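Single-structure report; data block below.
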Amino acid sequence: MVTPTVGTYYLDPYYNLKEEIWNTDPGSSALNLNAVFSRQNNAAQAWLDRILVQGRPRIQPDVWPSSQVFYNVSTLGAQPTQYRWPAVSQPHQIWDITLPWAATAYPLEDLQINGANYQQILVPGDRLRHLCFIKGNSFASPMSLSLVPNQNLMGDSSADMVIVTPRAFLGQATQIATTHHQHDGLKINIVHPDDLYREFSSGRRDLVAIRDYLRMLYHRSTPQSSTGPSLKYLLLLGSTSYDALNVMPGNLNHIPTFQSYNSRDPLGSYCSDAFFGLMDSTEGAFGDGSGDRMDLGIGRIPVRDAGQATAMVRKIQEYLDPSKRGPWRNEFVFVADDQDYNIHLNDCAELVRHTETQYPQGLVRKIYADAYEQESRPGGARYPAVNDRINRSMQEGCLVMAYMGHGGV
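Heads up, the sequence shown is in my numbering, so the first residue is 46 and it goes up one at a time.
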């Protein structure tokens, strides 16, 4: 097997895919597989996704375990297929479980061929049939994991804002909701991710469940011109991670975020919460050129523990407190990265011009990396003066800090 290589340019794909298909006759019931990775250099890496072995099943009631699922792709689209096996004295059954909610048992037909006893079933070929062999009446019993409390998020009334947060931050979420209700008159629903999974994705940790709940409220909303609430805002109170499977140690993923379908392109691989704000029925693919447009204002406070959540509550309350107002509320800070033929600088400059036109009373501060001296460090090129200005702006406060450029860890 030849492993595809990747280039060394920083915009080259992070990896390439390779799929191999072999046909073989092992000559026995034992099949030994051996995968060898031949490195072209010591830094080369490869990841094995899966090995899929496909073979024609031979029904062996006296050898198989108490239950065995099998199917044969070669029967798809063909005439009805006969499955035949030597008869055994031990009772057994074969069920069609293609539709789990409508499983049916096949009648076993006894027959003799050249004096030998056999049994067979006749299976339609209109679709790929998944069959399950059962010894006697040894049906497996479902396992009880935990009790699920009653809930009815479907019955929630519409709201101006939804806060999604784990139960660990329920107290802080309630304080935020109370603050915005008193200050802005907003009606706010607080929901937990686990409750959304149970009601909108059959218990699976699927971020689409969050979006489906929001779409339900959004399309249930009364028009904004009336006195009723109309969903406009979403707050995600809790951290997220690209590691949805919790492979990395110390990973925290309170509320999942959308990940692009492309995971190998340095520019086309990203995470985004904007997915939750796509409310139209034709939206949700969320790929390059999809034309999807957000219908909600979305923010995430990526707190990792209750202490950080409490600190953010105080920050929000102080921001809304008239006695805490200062000149920082009129300051806009724009930061532009370097490289890429000045695309980040030009985009930032366009945003500055728009801000100065729309908000002439604001004070605009520009931090452009190319205007500062670059220093070579062991970890690569750095702009220490840019870092200092960004940190100082954060400490002194500003209404908006906008960054145009590369992301990183």
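We put the beta carbon where it would ideally sit given N, CA and C, even for glycine. All values reported here derive from a predicted model rather than from experimental measurement.
Between which two residues does the beta strand (DSSP E) harbouring Asn162 extend?
161 to 168
Three-pair Cβ contact test at 8 Å for the segment 224 to 241 versus the segment 255 to 266:
yes
Quick test of your reading: Gly170 and Gly122, contact by CB under 8 Å. State the CB separation rounded to the nearest angstrom.
6 Å
Using DSSP with H/G/I as helix, E/B as strand and the rest coil, what is His137?
strand
With a threshold of 8 Å, are at least 3 pairs of Cβ atoms found where one atom belongs to the segment 188 to 199 and the other to the segment 157 to 171?
no
For Ser270, which of helix, strand or coil comes out of DSSP?
Any reading at Ser270 needs caution, since the residue's pLDDT is 47, under 50, leaving its predicted position unreliable; the model's value is listed next. Coil.
Continuous beta strand (DSSP E) stretch holding Ser112: start and end
112 to 115
Taking the straight line between their C-alpha atoms, what separation do you get for Asp382 and Ala430?
13 Å
Is the segment 204 to 216 in contact with the segment 286 to 302, if contact means three or more CB pairs nearer than 8 Å?
yes
For Pro238, report the span of its alpha helix (DSSP H) as first-last.
238 to 245
Is it true that the CB of Asp325 sits closer than 9 Å to the CB of Arg345?
no
Could you have a look at Cys316 and say whether DSSP puts it in helix, strand or coil?
strand
Chain-order list of residues whose beta-carbon lies under 6 Å from that of Leu153 (same chain, five-residue window excluded):
Gln164
Taking its Cβ as the centre, do 16 or more other Cβ atoms sit within 10 Å of Tyr413, making it buried, or is it exposed?
buried
For Phe377, which beta-bridge partners are listed by DSSP?
Val409, Val445
Counting only the same chain and skipping the five closest in sequence on each side, list residues whose C-beta sits under 8 Å from that of Asn61.
Pro49, Thr50, Val51, Arg309
To which residues does DSSP link Arg129 through a beta bridge?
Gln165
Report yes if the CB atom of Val397 is closer than 9 Å to the CB atom of Ile435, and no otherwise.
no
Taking Leu156 as the reference, give the member of Thr149, Ala147, Ala150, Ile166 with the closest Cα.
Ile166
Among all the DSSP beta bridges, which residues are the ones paired with Arg455?
The chain is shown only over 46 to 454; residue 455 falls outside these bounds and no answer can be derived.
Would Val114 and Leu176 be called neighbours here (beta carbons separated by less than 9 Å)?
yes
Which of helix, strand or coil DSSP assigns to Met206:
strand
Quick test of your reading: Val207 and Leu276, contact by CB under 8 Å. State the CB separation rounded to the nearest angstrom.
7 Å
Which term fits Tyr386, buried or exposed, when burial requires 16 or more other beta carbons within 10 angstroms of its beta carbon?
exposed
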